[in-house]
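Reading through the structure tokens given below for one structure.
Protein chains: 2
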Amino acid sequence: MNQPHEPVRAELVAVAVGVLDGAPRVLTTSASQLQLPAGPLREDHRSMQAGLRAWVEEKTGLRLGYVEQLYTFADRDRAGSERTISVSYLGLTWMERGDLDQWVSWYDLFPWEDQRDDGVLRRALEPHLRAWAQAEDAERRVVRCRVTFGLDGIDWHPELALQRYEVLYEAGLVPESPDWRKALPPQIVGPWMVHDHRRIVATAMGRLRAKIQYRPVVFELMPPEFTLGQLQACVEAIAGQHVHKQNFRRIVEQQHLVEETGGTTSETGGRPARLFRFRREILDERAAGGTKLPRTR
Amino acid sequence: MNQPHEPVRAELVAVAVGVLDGAPRVLTTSASQLQLPAGPLREDHRSMQAGLRAWVEEKTGLRLGYVEQLYTFADRDRAGSERTISVSYLGLTWMERGDLDQWVSWYDLFPWEDQRDDGVLRRALEPHLRAWAQAEDAERRVVRCRVTFGLDGIDWHPELALQRYEVLYEAGLVPESPDWRKALPPQIVGPWMVHDHRRIVATAMGRLRAKIQYRPVVFELMPPEFTLGQLQACVEAIAGQHVHKQNFRRIVEQQHLVEETGGTTSETGGRPARLFRFRREILDERAAGGTKLPRTR
DNA sequence: CCCCTTATGCTTGTCTTGAGCATATGATTT
DNA sequence: AAATCATATGCTCAAGACAAGCATAAGGGG
Chain A
185 MNQPHEPVRA ELVAVAVGVL DGAPRVLTTS ASQLQLPAGP LREDHRSMQA GLRAWVEEKT
245 GLRLGYVEQL YTFADRDRAG SERTISVSYL GLTWMERGDL DQWVSWYDLF PWEDQRDDGV
305 LRRALEPHLR AWAQAEDAER RVVRCRVTFG LDGIDWHPEL ALQRYEVLYE AGLVPESPDW
365 RKALPPQIVG PWMVHDHRRI VATAMGRLRA KIQYRPVVFE LMPPEFTLGQ LQACVEAIAG
425 QHVHKQNFRR IVEQQHLVEE TGGTTSETGG RPARLFRFRR EILDERAAGG TKLPRTR
Chain B
185 MNQPHEPVRA ELVAVAVGVL DGAPRVLTTS ASQLQLPAGP LREDHRSMQA GLRAWVEEKT
245 GLRLGYVEQL YTFADRDRAG SERTISVSYL GLTWMERGDL DQWVSWYDLF PWEDQRDDGV
305 LRRALEPHLR AWAQAEDAER RVVRCRVTFG LDGIDWHPEL ALQRYEVLYE AGLVPESPDW
365 RKALPPQIVG PWMVHDHRRI VATAMGRLRA KIQYRPVVFE LMPPEFTLGQ LQACVEAIAG
425 QHVHKQNFRR IVEQQHLVEE TGGTTSETGG RPARLFRFRR EILDERAAGG TKLPRTR
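Residue numbers (the working numbering), protein chains in the order written: chain A, 185 to 481; chain B, 185 to 481.
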């Protein structure tokens, strides 16, 4: 029953996300090419998570806080070589100013994902999508584009990031597609990344956008004290959508996710805002819900 | 930067689930010990999913339909040996009568998870949980038990199956705990399974229970034609909870998840019920929602 | 002092959801 | 044949969640 296992290589890959200046950003290892922090699972790693943290710290100096497993890919690299299994993780961290060069905005990677100013980007993409949809197997393709990209008045679902990427990949519009001759310029479809790292980032984006709605994970991206305005800005950055301010406040407050610190700040301009902190106890107290998105259209 | 990878062993593990007679069941490989179908990733497998399907078919004869990745574990087996990476998958299938011996009810594995008759089982467990909570670090432990097991009037959340298992594991109440001296009899805490297979099943249960609420996956467990009553029974089996019949029907119908076949059946006893089939198109048409659980208390 | 900006409080109408009443229609029992 | 049981199906109602918007508050900069 158990023939000997063929050995494989195990790789740990991190999508470390922080939010700064209205854009979520992904940590890359500084190199000529865009690539995620990664490294092999080693004998001395106590667990995969521990190994992942170690690699990220070694390669970028960042100590991750929140970490969760994303997905595991198996790639047959070059013919003949061992197979590599990549276990990817999503990590969240609070960003302060500085060292922006290692941090790539995920809207630079996926320009169409920011619906806060869909204008140019989506307009530039939509015709190509329609062309692809018409080319072959039209019925299915049209429906698929409509649903994933929210065309023709259908709702845009932020959490479908991976599915959108996959459409573009199949359509040959992104540079890493197998048939990349029709690939569009990076301002529209974003830059190339090593291996399948862009797919992994898209996976992370989808997961985070979904999770933010039913688990209080935004707070892992926030400083210890923050205003509700800043919290909202962070959620909007992640979701790539605007939310209704007053309703957002209502939800956050009535769920008792935060408590006032007593302080205020006027850094935000306008009327000074009260400062809040995350009530971390809530993680035990309840199967606490997340931050629904009261949409604004 | 790239020291040579230390080789590891990659194992594929399947949690194949079907529903029969009001209980979800998990496929095991017939042996003296309870264990899940599993096998190493092989060179000739085109992908991990393909490999998984192949193993399940080889070991049990079952052809899986729907498959999704669950979680990846890394275990250091025995000291000195290579590390094993287990990539686990959830598979759903439609069960007909027969061959029940290979299929273990997940309420035999986790008796406390069936809240449709929580009576005896939970009563038998609760005192031990409270004892554990009091023993040490009481404040945290009490809250944790309350939340995960829904004690003291807090809502029971079906999808917290894994968290509940982990509490029992830490409390030493299940036979596979490192300190198993306090373990309770199998009628209360279920039987032992090979390796960490029971943890994997608990993961699958949590995932499926969560997913059923926001994606139409129940239908993967149903025959081509079914009555709404049967569909409801299937959902209740998965969730381990009763749902409100009329509201359940309302949700399913208004989401256009199903269409009438025109036929009826009186197999269910009582007034004959109309037959429906799943509108599979909906999987493309919308980011279709699942089957929320209109609770009944 | 006026205006700009963001913060914060509150109202209103709509939609969703939980809960239950009432009736329909077959099989089974009396 | 009538009563009874069991499930199916249709419909109503009230409470709560949610989208949207109005109005006021309180800083800073001209």
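Note that CB positions come from ideal geometry on N, CA and C, so glycine has one too.
With a cutoff of 8 Å on beta-carbon distance, A:Ser289 and A:Ala207 are scored as near each other. In this structure the region 399 to 419 of chain B does not lie against the region 226 to 237 of chain B, because fewer than three pairs of beta carbons, one per stretch, are closer than 8 Å. B:Gly275 is positioned such that its CB atom lies closer than 8 Å to that of B:Ala198.
Per DSSP, the beta bridge partners of A:Pro208 are A:Val203. CA-CA distance, A:Ala457 to A:Asn431, rounds to 17 Å.
Taking a 10 Å sphere around the C-beta of B:His229, we find 16 or more other C-beta atoms and assign the residue as buried. A residue is called buried once 16 or more other Cβ atoms fall within 10 Å of its Cβ, and B:Thr387 is buried on that count.
Straight-line measurement puts the Cα of B:Leu459 at about 5 Å from the Cα of B:Thr411. Per DSSP, the continuous alpha helix (DSSP H) segment holding A:Val436 begins and ends at Lys429 to Gln438.
Judged by DSSP in its simplified three-state form, A:Val197 adopts strand. One thing to note: A:Gly413 has its Cβ within 8 Å of the Cβ of A:Thr452.
DSSP places B:Gln414 in the uninterrupted alpha helix (DSSP H) bounded by Leu412 to Ala423. Using beta-carbon distances, A:Met377 does not count as an interface residue toward chain B, since no partner is under 8 Å.
For the 8 Å CB-CB criterion, B:Phe333 and B:Arg348 form a contact. In the three-state reduction of the DSSP assignment, B:Asp468 falls in the helix class, which pools H, G and I. Taking C-alpha positions only, B:Arg306 is separated from B:Ile372 by approximately 8 Å. Along the region 219 to 230 of chain A, the positions whose C-beta sits under 9 Å from a C-beta of chain B are Gly223, Pro224, Leu225, Arg226, Glu227, His229 and Arg230, read in chain order. For A:Phe333, the uninterrupted alpha helix (DSSP H) segment begins and ends at Ala322 to Phe333.
Between A:Tyr255 and chain B, the shortest Cβ-Cβ separation is below 8 Å. Shown here for B:Ile269: same chain residues with a beta carbon closer than 6 Å to its own, the five before and five after excluded, namely Val192, Ala194 and Ala258 in chain order. A:Glu360 and B:Trp316 have their C-alpha atoms spaced approximately 54 Å apart.
In the three-state DSSP reduction, A:Asp259 falls in the strand class (E or B).
Between A:Val331 and chain B, the shortest Cβ-Cβ separation is below 8 Å.
For A:Ala308, not one C-beta of chain B is nearer than 8 Å to its own C-beta.
By the criterion of a C-beta distance shorter than 6 Å, A:Thr475 is surrounded in its chain by Ile396, Val402 and Val419, once the five residues flanking it on both sides are discounted. Take B:His381, set aside five residues on each side of it, and the residues of its chain with a beta-carbon closer than 6 Å to its own are Gln219 and Leu220, in chain order. Comparing C-alpha distances from B:Glu443 to each of B:Ala423, B:Glu465, B:His426 and B:Val427 shows the shortest one belongs to B:Glu465. Here B:Ala234 carries a helix assignment [DSSP, helix/strand/coil]. Put simply, of A:Leu248, A:Asp301 and A:Glu242 the residue whose alpha carbon is nearest the alpha carbon of A:Ala423 is A:Asp301. The Cβ of B:Glu190 sits closer than 8 Å to at least one Cβ of chain A. Sequence-distant Cβ neighbours of B:Arg399 in its own chain, meaning closer than 6 Å and more than five residues away, are Gly474. At a cut-off of 8 Å between beta carbons, B:Asp468 contacts chain A.
According to the DSSP assignment, B:Tyr273 belongs to no alpha helix (DSSP H) but to the beta strand (DSSP E) extending over Thr268 to Leu276. Within 10 angstroms of the beta-carbon of B:Asp298 lie 16 or more other beta-carbons, which makes it buried. Around the beta carbon of B:Trp239, 16 or more other beta carbons lie within 10 angstroms, which makes this residue buried.
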